[in-house]
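Residue numbers (our numbering): 105 to 540.
Reviewing the structure listed below.
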Amino acid sequence: MSSSVQAFRGRFLHCLANPAEAAQEAMAYFEDGTLLVENGHVVSLSHTSNTELPSGCVLHDFSGKFIVPGFVDTHVHYPQVDVIASYGTQLLEWLETYTFPAEAAFENPETANDTANFFLDELMRNGTTTALVFGTVHKESVNAFFTQAQKRKLRMICGKVLMDRNAPAALCDTAETGYADSKALIKQWHNTERLGYAVTPRFAPTSTNEQLAKAGELLTEFPDVHLHTHLSENIAECNWVASLFPEQLDYLSVYEHFGLLRKRSVFAHSIHLSHNEWSRLGKACASVAHCPTSNLFIGSGLFDMRAAQRASVLVGLGTDVGGGDSYSLLRTINEAYKIQQLQGHSLAPEQAFYLATLGGATALDLQSYIGNFEPGKEADFVVLDTQATPVIRRRCAAAHDWQSTLFALMMLGDDRCIQETFIMGEPSKSTGELDR
Ligand code: GUN
Ligand code: ZN
């Protein structure tokens, strides 16, 4: 009888803890290791290729290639695939000029379906296996997204945008309809297979007090859903929030006041924060999504990684496509490194790798399912090719240990380095055209 166990051989690297907190024990690297997978879950990871394999077990030999956990994108907008790389403007004008018109097209479920297909394929092509994703205000945008994610067996979190003011009429819901539509989506999709729901007020300026209060009600009714929004991305946005909510102490207070600051709340950007706001984020066990490509592309500012670490705030990386100009977490790490360099701090390769894998999973509170190769975890992983381009091949050949090879890959790499992406132990690239 043939075994359902599959074996994978390669250079395994994963995190067991946050390197910033447990430098010695955080990383595990096996130059020539063996991963056993059964029914989509990790059975074991051994440090040797001499492991005796169960009879009938299929061996996938990636000797010499890095095998790492699938990347986690903690903030991205699937309806913005056609907005990526739009010229000029900073945040508020960028939203009016490019983003809102693009999102209006999602009234058509066919647009939503086609875009979700493209988006999810692109994520997997870039080695991203889990993401926290904005839909549009249209309920159907989330139905289309979850339908496509489910077909691919992906672990994904998504939510319908709540937006009842300061946006075009065609993109506005109301406090009541936003609540009712979100609730229906939670009932239909939340915890269905690998899917989860995020209550998604776009950002404070586009929701009334009534709508933010309703978002808080949803979190009380469904405590294990996520909260996903933007916070303190751009100075003009922060000033606008201060004028719209004069009764609140600061930007974070707006969310805090309505019960939106808690564990499983993910705040994208979080650039222009006071010491006091950092401290409250940490105490609440909330998370931030650092989106370096977007912060540079839209010109929003420099994220303070050390302030986040000092306040023990959970941090993940977000591509923020279409504000960000790449789907690749490798490109995202590259820009994250430069943003810290500009502030006199060199982001360690182990820390950057953690942010894209176990750190991202932890920021989404999914660390018991994904993020590394611990036994029992879901077998989402990526094969990285250190020979993908002449420059990468030459630079990696000159690297003398796994740390410098990893750093070179993260600085020079992109989708060309993703040889294969496995979802629950199955290759994703060769699934071919799904039934669409
Ligand atoms: N703030 C409010 N909406 C958005 C958005 O769609 N993208 C970004 N980057 N920031 C936002
Ligand atoms: Zn965003």
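All C-beta atoms in this analysis are idealised placements derived from N, C-alpha and C, irrespective of residue type, glycine included.
Cα atoms of residue 503 and residue 509: separation of roughly 5 Å, rounded to the nearest angstrom.
Using a Cβ-Cβ distance cut-off of 8 Å, the stretch 504 to 523 and the stretch 203 to 215 are not in contact, since fewer than three pairs of beta carbons, one from each stretch, lie closer than that value. Distances from the CB of residue 443 to the heavy atoms of ligand 1 are all 7 Å or more. For residue 427, the Cβ falls inside the 7 Å cut-off from some heavy atom of ligand 2. Taking a C-beta distance under 8 Å as the contact criterion, residue 165 and residue 113 qualify as a contact pair. One thing to note: residue 418 has its Cβ no nearer than 8 Å to the Cβ of residue 490.
Apart from the 5 residues on each side of it in sequence, residue 497 sits with its Cβ closer than 8 Å to the Cβ of 490 and 491 in its chain, given in chain order.
By the neighbour-count definition (other C-beta atoms within 10 Å, threshold 16), residue 202 is a buried residue. Look at residue 332: its beta carbon is at least 7 Å from all of the heavy atoms in ligand 2. The beta carbon of residue 444 lies closer than 6 Å to those of 409 and 451 in the same chain, with the five residues before and after it left out.
Secondary structure of residue 285 (DSSP, three-state): helix.
In its chain, beyond the 5 residues on either side, 298, 527 and 528 have a beta carbon closer than 7 Å to the beta carbon of residue 257.
Counting only residues of its own chain and dropping the five nearest sequence neighbours on each side, residue 187 has a CB closer than 7 Å to the CB of 202, 203, 206 and 426. Going by beta carbons, residue 441 and residue 456 fall inside the 8 Å limit. Residue environment for residue 494: exposed (fewer than 16 other C-beta atoms within 10 angstroms of its C-beta).
DSSP, reduced to helix, strand and coil, places residue 256 outside both helices and strands of the structure shown, so it counts as coil.
As computed with DSSP, residue 116 is found in a beta bridge with 134 and 171. Look at residue 418 here: in three-state DSSP terms it is strand. One alpha carbon belongs to residue 385, the other to residue 240, and they sit about 26 Å apart. The straight-line gap separating the alpha-carbon atoms of residue 122 and residue 273 is approximately 45 Å. Of the residues assessed, residue 234 falls on the buried side of the cut-off, its CB having 16 or more other CB atoms within 10 angstroms. For residue 209, the three-state secondary structure derived from DSSP is helix.
At a cut-off of 7 Å, the beta-carbon of residue 179 counts as near ligand 2: some heavy atom of the ligand is closer than that. DSSP links residue 305 through a beta bridge to 266. Pairwise C-beta distances place the stretch 175 to 191 out of contact with the stretch 125 to 135, as fewer than three of them are shorter than 8 Å. Residue 289 is not a Cβ neighbour of residue 318, given a cutoff of 8 Å. Look at the beta carbons and you see the stretch 134 to 152 not touching the stretch 188 to 197: under three pairs across the two are nearer than 8 Å. Leaving aside the five residues that flank residue 248 on each side, the residues in its chain whose CB is nearer than 7 Å to its CB run, in chain order, 213, 216, 217 and 220.
Each residue's CA atom was taken as its position, placing residue 372 and residue 436 some 14 Å apart. For residue 360, the three-state secondary structure derived from DSSP is helix. Not a single heavy atom of ligand 2 lies less than 7 Å from the C-beta of residue 186. For residue 324, the uninterrupted alpha helix (DSSP H) run begins and ends at 313 to 325, by DSSP. Counting along the chain, the unbroken beta strand (DSSP E) around residue 235 starts and ends at 232 to 238. For residue 452, the secondary structure class from DSSP, reduced to helix, strand or coil, is coil.
For residue 531, the three-state secondary structure derived from DSSP is strand.
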